[in-house]
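Worksheet: the structure to be examined is printed underneath.
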Amino acid sequence: MTGRNLVATIGRAARAALFAAFAWLALATPAAAQPAWPADGQWIWLANDPEEGGLHDDQRDVESLWYYVRDGYLFLRMKNRGPAGWCTT
Numbered sequence: 374m375t376g377r378n379l380v381a382t383i384g385r386a387a388r389a390a391l392f393a394a395f396a397w398l399a400l401a402t403p404a405a406a407q408p409a410w411p412a413d414g415q416w417i418w419l420a421n422d423p424e425e426g427g428l429h430d431d432q433r434d435v436e437s438l439w440y441y442v443r444d445g446y447l448f449l450r451m452k453n454r455g456p457a458g459w460c461t462t
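Residue numbers (my numbering): 374 to 462.
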């Protein structure tokens, strides 16, 4: 095979590969978007957690647990007794 024939063969193979890639991309289905986070009135109560540590760690003390199921997704929500964050004292 001469150099010119080799270049022509490689060029045809490259065009075929590009065509196959573009055809595959054109036929591919886009990924489904994730569902939106549930609204406040949609959550289902699961359990309450009793007060256990006094007032010094309310930012980490869970008060209640909630869940919601939609379109094969399980959403979980924990409500703390105080605002999230670390103590500053």
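For each residue, glycine too, the CB sits at the ideal point set by N, CA and C.
For residue i: DSSP bridge partner residues
i       : result
Ile-417 : Tyr-440
Phe-448 : Tyr-441
Asn-453 : Val-435
Integer-rounded CB distance, given that residue j should sit under 8 angstroms from residue i
i       : j       : result
Pro-408 : Asp-434 : Rounded, the Cβ-Cβ distance is 30 angstroms, inconsistent with contact.
Reduced DSSP category for residue i - H, G, I as helix; E, B as strand; rest coil
i       : result
Trp-397 : helix
Ala-389 : helix
Ala-406 : coil
Ala-412 : coil
**Prompt:** Is there contact between the stretch 396-405 and the stretch 414-425, where contact requires at least three CB pairs shorter than 8 angstroms?
**Reply:** no
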